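Have a look at the structure below, then the notes.
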Amino acid sequence: MGFDVQLERPYYQAGQLLEGQFTCDLLDVDLVEGRILGEAEFNFSDHQKSSPSSRILVDERVELWRYCTLSQLLGLDENQNQNQNENITSDNSKKGRSFPIRILVPKFAPPTFQCAGSPINVKYFLQIRILKGGEVIGTHEEPLVILGNSMNFKKFAASGGGKPIVYRKDFYFSKDRSISAEIQLKNDIFSTTDKIETSIKIGNQWKQSLKYVHLNIVRRISTLNFENEILETIKIDTTGVGLPSSKHKISVGEAYTFQPSFNIPALPPNIKVDQLFRTDYSLKISIGRAHNFILSSFEIPITITTNELKSCRDSILVDISATSSINNLNLL
Numbered sequence: 001m002g003f004d005v006q007l008e009r010p011y012y013q014a015g016q017l018l019e020g021q022f023t024c025d026l027l028d029v030d031l032v033e034g035r036i037l038g039e040a041e042f043n044f045s046d047h048q049k050s051s052p053s054s055r056i057l058v059d060e061r062v063e064l065w066r067y068c069t070l071s072q073l074l075g076l077d078e079n080q081n082q083n084q085n086e087n088i089t090s091d092n093s094k095k096g097r098s099f100p101i102r103i104l105v106p107k108f109a110p111p112t113f114q115c116a117g118s119p120i121n122v123k124y125f126l127q128i129r130i131l132k133g134g135e136v137i138g139t140h141e142e143p144l145v146i147l148g149n150s151m152n153f154k155k156f157a158a159s160g161g162g163k164p165i166v167y168r169k170d171f172y173f174s175k176d177r178s179i180s181a182e183i184q185l186k187n188d189i190f191s192t193t194d195k196i197e198t199s200i201k202i203g204n205q206w207k208q209s210l211k212y213v214h215l216n217i218v219r220r221i222s223t224l225n226f227e228n229e230i231l232e233t234i235k236i237d238t239t240g241v242g243l244p245s246s247k248h249k250i251s252v253g254e255a256y257t258f259q260p261s262f263n264i265p266a267l268p269p270n271i272k273v274d275q276l277f278r279t280d281y282s283l284k285i286s287i288g289r290a291h292n293f294i295l296s297s298f299e300i301p302i303t304i305t306t307n308e309l310k311s312c313r314d315s316i317l318v319d320i321s322a323t324s325s326i327n328n329l330n331l332l
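Residue numbers (the UniProt record's numbering): 1 to 332.
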C-alpha cells in the first residue's frame, strides 16, 4: 500500500493553514480524515517519577474529503446513482487518488522542541486516516515542525551608554591564596553564529600555575508546572575555547589578559512557553589545572535571540563552584 504526502512548507507557524496533498493506492474510499497531534514527552529524574510522562498539547482533527454521489450533492434520489461510486473507483484504480490537505494549526500551539538530554521534548505529527464503510482501511503518519507564536522572549534591563559590560569575581583559598577573573563584553545579547567580543583577565595568586582557562556556553532547560513553577532543570555544556595555543600556563603572581575568538553555536533563542518549559543561556568561565581539576568557575547570563532585546547585565551571577570542592581545595 503506497502513501505519499506533499506539503507546501517544510515547517509551519502556529495559526497558519497547513496545506498539501495526500496520494494513496486505495481507491475505494468513502472518507479521508486529517489530524495534527502535538505531544509533550517528559523525562523526569527519579524524584519526579510521579509526574505524567506525556501530555497532549494539540489534537486538531478535520474531515479532508468525503465521497458524495451527484444525487447527494443535488439532493436527489440516491438510488439513481447507486453504482456511481463503484464506477468511479474502478476507473481510477489503475492510477491512484489524491486528496487535498487543509488543516489550521491552532494559534496556541507551542513550538516543536527536541534536545538530547532534555527533561521535555515537544513533537508534532500529521496523521491521515482512510475509511470505507465506517472502517479504517489505511493510515499514514509523518512528523511536523511547528514554530510557535506562543514563545515569550524574556525582557531585561538596558545597559547604559554603550559601555563595556564588566564582570569580576574573586575566589579565595587557604593561606591568603586567590584567583581573580574579570571578563568584559561589548554586548550580552547575541544571534546564532555571532562573534562574542570579549576580553578575559585572570590573576593567579594560587600556589601553582593555572594551565586551564575555558570559555563556553551553558544551556539551561527547565520544565514548568501549570503555575509556571520550575519542576526540574538540566544544564548542557556546549563546546568552547581555551587559552591561546602560544600560552601554556598562567604562572603564580601573573595577571594575564587575552581575547578569545569564539562564536555562538547554532542554538535556538531564549524562549519561555507558559506551563511547559523555558530555555536560558549563560557564558561560563572555568579555571584550573586541567579540565578535570577545576579550581573555580562562574556563569554570566546572556541572551540568544532572533529579536531585538535589551541587555541583561543586571542579572545575578551564578556561582557554580561546589562548596565541597572548595573545602577540599583549602586543604591543598
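Ideal Cβ positions, reconstructed from N, Cα and C, are used throughout, including at glycine.
Quick caveat, the model's predicted, so the values are computed rather than measured.
Inspect the beta-carbon positions of residue i and residue j and report whether they are closer than 9 Å.
i: Val58; j: Pro106; result: yes
i: Leu126; j: Leu7; result: yes
i: Ser118; j: Ile236; result: yes
i: Leu243; j: Phe277; result: no
i: Leu283; j: Ile183; result: yes
i: Pro143; j: Val273; result: no
i: Ser53; j: Phe44; result: yes
i: Val122; j: Ile130; result: no
i: Thr192; j: Ile264; result: yes
i: Val29; j: Arg102; result: no
i: residue 342; j: Val5; result: As shown, the chain starts at 1 and ends at 332. That puts residue 342 outside it, with no answer to give.
i: Thr238; j: Ile217; result: yes
Taking just the CA atoms, how far does residue j sit from residue i?
i: Thr233; j: Ile302; result: 17 Å
i: Ile287; j: Ser296; result: 5 Å
i: Lys195; j: Gly203; result: 25 Å
i: Lys186; j: Arg168; result: 15 Å
i: Val32; j: Phe99; result: 8 Å
i: residue 368; j: Gly138; result: Only positions 1 to 332 of the chain appear in the structure, and residue 368 is not among them; the question remains open.
i: Glu141; j: Tyr124; result: 10 Å
i: Ser251; j: Phe42; result: 47 Å
i: Lys132; j: Ala109; result: 31 Å
i: Gln176; j: Gln205; result: The question names Gln, but residue 176 is Asp in the sequence shown. Their backbone Cα atoms lie some 8 Å apart in a straight line.
i: Glu34; j: Gly134; result: A small fix is needed here, since residue 34 is Gly in this sequence, not Glu. Roughly 15 Å between the two C-alpha positions.
i: Tyr172; j: Lys207; result: 12 Å
i: Pro36; j: Glu299; result: Looking at the sequence itself, residue 36 is Ile, so the reference to Pro does not match. Whole-angstrom Cα-Cα distance: 40 Å.
i: Tyr67; j: Gln275; result: 42 Å
i: Gly2; j: Gly20; result: 17 Å
i: Arg220; j: Tyr281; result: 6 Å
i: Glu60; j: Asn292; result: 50 Å
i: Pro268; j: Ala116; result: 14 Å
i: residue 334; j: Leu64; result: Residue numbering for the chain in the displayed model covers 1 to 332; residue 334 lies beyond these limits and cannot be assessed.
i: Ser209; j: Ser178; result: 12 Å
i: Gln16; j: Gly38; result: 15 Å
i: Ser174; j: Val166; result: 27 Å
i: Gln114; j: Phe226; result: 21 Å
i: Ala40; j: Ile56; result: 6 Å
Taking 6 Å as the limit between beta carbons, can you name the residues of its chain near residue i, skipping five residues before and five after?
i: Ser180; result: Asp170, Gly203
i: Ala290; result: Tyr212
i: Val62; result: Gly34, Ile103
i: Cys24; result: Phe3
i: Ser222; result: Ile230, Thr233, Arg278
Please go through the same chain and pick out, in chain order, the residues whose beta-carbon is closer than 7 Å to the beta-carbon of residue i, but skip the five residues on each side of it.
i: Pro164; result: Gln184, Leu185, Lys186
i: Glu254; result: Asn204
Within a Cβ cutoff of 8 Å, which residues of the same chain sit near residue i, ignoring the five residues on either side of it in sequence?
i: Tyr12; result: Leu18, Val105, Leu144, Val145, Ile146, Leu147
i: Glu229; result: none
i: Phe262; result: Lys195, Ile196, Thr198, Leu215, Gly240, Val241
i: Ala266; result: Thr192, Thr193
Should residue i be flagged as near chain C, meaning a C-beta pair shorter than 9 Å?
i: Gly203; result: No chain C appears in the structure shown, which is made up of a single protein chain.
Open item on the list: Could you check whether the stretch 209-216 touches the stretch 238-258, counting it as contact only if at least three pairs of C-beta atoms, one from each stretch, sit closer than 8 Å?
Closed with: Yes: at least three Cβ pairs fall under 8 Å.
TODO: Inspect the CB distances between the stretch 244-254 and the stretch 185-199 and report whether three or more fall short of 8 Å.
DONE: Three or more beta-carbon pairs separated by less than 8 Å are not found between the stretch 244-254 and the stretch 185-199, which leaves the two stretches without contact.
Task: Ordered list of beta strand (DSSP E) runs contained in the UniProt domain "Arrestin C-terminal-like" (176-308), each at least 3 residues - done: Annotation note: the UniProt domain "Arrestin C-terminal-like" (176-308) contains the following uninterrupted beta strand (DSSP E) runs of length 3 or greater, listed N- to C-terminal: 178-185, 198-205, 212-224, 230-241, 255-258, 271-273, 277-290, 293-304.
- [ ] Return the chain-ordered ranges of every beta strand (DSSP E) run that is complete within the stretch 99-140 and spans a minimum of 3 residues.
- [x] Entirely contained in the stretch 99-140, the beta strand (DSSP E) runs reaching 3 residues are, in chain order, 120-132.
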